[in-house]
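>
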Amino acid sequence: MGRRSFPPSGGAGATSDLMQSAIDLAPSGLPDTTAVRARRWSVSWISLAAVFVSLFALLPLAFIIWVAMQTGWETVASLVFRPRVGELLVNTSLLVVLAVPISIVLSVMLAWLTERSDLPGARLWAWLSVAPLAIPAFVHSYAWITMVPRLHGLWAGVLVSVIAYFPFLYLPVAAALRRLDPALEDAAAALGLGPWRVFRRVVLPQLRLAICGGSLLVGLHLLAEYGLYVFIRFDTFTTAIVDQFQSTFNGPAANMLAGVLVTCCFVLLGLEVLVRGEERYARVGSGAARQQQRTSLGRATIPCLLLPAITTLLALGVPFATIGRWLMAGGADVWRLDEIGLALG
């Protein structure tokens, strides 16, 4: 009867088998080639889609450049460098220079009152500060010109533009205030800074990105708006472009005005990048989550309530009052289902 032979325990064969098993069971540190390939495909498709959308969005600019090349540079120069274009440039620039800073001040004040103070009804006022976005800008203008027929010109445009577009600034500023780390303000207060100096030196610099982004949105909307300024009879590039097409059907002249308008938009984009700078704010460490401490207004509660109340009255009260008055004056005849269906598409 033959004898079986076993490898000696603790020998080299057992050791090599155990090492091989450990190697087989250990997770590989190298990335999975299939996952890497799938990730590359997803990134490539996203990049391709982004390029396609960008090219599609640049079609109007390409058309303007093509018309300029077909028209000839001498004709382009005569159409661009003329007194009418200078007048429109001054009007549009003054509108942006006046409306954007006023919107910044109004939005920052409203955001601080609703997010950082014990203002009565803060949540309601926060909702009412965003509600003007539900009303188109030309409806604001229509309501105001109906209530005040003599309202026209630059300051009328500034007034209606601010009450129609300030929520674009209020939203990011309020969100930024909600996310700020209160420990920085506590440290500044512990160093002896008063409430105003804490806001100016600690809080306001951290709002730069939100203010720059919101200001860019407001400025671009001001440059692109048409209906608002038609009602108040204030000439901008958009109103002049439409008038040029409707009155003389002069395509090259209107296209050159559009080219100047696009240039203004790019200048605004460049200014936003310049003002925003390269600064970024981030916290080192996880920290501890806690609610923002609200400042007590005390005797200033009633005066502070006037700001959101007056803003709501101007931005919501005037449009609803004007539209309601016309609906009541027209009676049931204004509720024609065929016209309402046509308007809704």
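FYI, in our numbering the residues of the sequence shown are 981 to 1325.
We treat Cβ as the ideally placed atom computed from N, Cα and C, and that holds for glycine.
Just so you know, these numbers come straight off a predicted model, no measurement behind them.
1) Report back the beta-carbon spacing between T1219 and A1204 to the nearest angstrom; my notes put them in contact at under 8 Å.
2) State the Cα-Cα distance for the pair P1081 and A1091, rounded to the nearest angstrom.
3) Rounded to whole angstroms, what is the Cα-Cα separation between A1057 and G1066?
4) Have a look at the DSSP bridge pairing and note the partners of S1097.
5) Would you say the segment 1237-1246 touches the segment 1031-1048, given that touching needs at least three Cβ pairs under 8 Å?
6) What does a CB cutoff of less than 7 Å around L1139 pick up in its chain, not counting 5 residues either side in sequence?
7) Can you round the beta-carbon distance between P1147 and P1112 to whole angstroms, since I take them to be within the 8 Å contact cut?
8) Give me the residue from A1301, L1189, G1207 and I1303 with the minimum Cα distance to E1258.
9) Counting pairs of Cβ atoms below 8 Å between the segment 1296-1306 and the segment 1178-1197, do you hit three or more?
10) Buried or exposed: A1002, going by 16 or more other Cβ atoms within 10 Å of its Cβ?
11) Helix, strand or coil: how does DSSP classify I1003 here?
12) When burial is assigned at 16 or more other CB atoms within 10 Å of the CB, is V1298 buried or exposed?
13) Assuming R1213 contacts H1120 under a Cβ cut-off of 8 Å, what Cβ separation, rounded to an integer in Å, is found between them?
14) Going straight from the alpha carbon of E966 to that of L1196, what length do you get?
15) Any idea if L1286 is buried or exposed, counting beta-carbon neighbours within 10 angstroms, 16 or more meaning buried?
16) Would L1086 count as contacting chain D if we go by Cβ distances under 8 Å?
17) Given V1255, which residues of its chain have a CB within under 7 Å of its CB, disregarding the five upstream and five downstream residues?
18) Can you tell me the Cβ-Cβ gap for F1118 and G1207, rounded? I've got them flagged as a contact below 8 Å.
19) How about D1098 and R1279: are their beta carbons less than 8 Å apart?
20) By DSSP, does I1045 sit in helix, in strand, or in coil?
21) By the 10 Å Cβ neighbour count, where 16 or more other Cβ atoms means buried, how is P1040 classified, buried or exposed?
22) Specify the secondary structure class of D1161 as computed by DSSP and reduced to three states.
With the structure as the only source:
1) No, T1219 and A1204 are not in contact; Cβ-Cβ is about 12 Å, not under 8 Å.
2) Cα to Cα, P1081 sits roughly 15 Å from A1091.
3) 13 Å
4) T1275
5) yes
6) Excluding positions up to five away in sequence, the list is empty.
7) 5 Å
8) L1189
9) Taking 8 Å as the limit for Cβ pairs, the verdict is that the segment 1178-1197 does not touch the segment 1296-1306.
10) Because the pLDDT at A1002 is just 46, under 50, the model does not fix this residue reliably, and the point stays unresolved.
11) Interpretation of I1003 is limited by its pLDDT of 46, a score under 50 that renders its predicted location unreliable; the figure taken from the coordinates is listed afterwards. If DSSP states are grouped into helix, strand and coil, I1003 belongs with the helices.
12) buried
13) About 15 Å separates the two Cβ atoms, so there is no contact after all.
14) Beyond the ends of the chain as shown, which are 981 and 1325, falls residue 966; an answer cannot be given.
15) exposed
16) In the structure shown, chain D does not exist; there is a single protein chain.
17) C1192
18) 3 Å
19) No. Outside cutoff.
20) helix
21) exposed
22) coil
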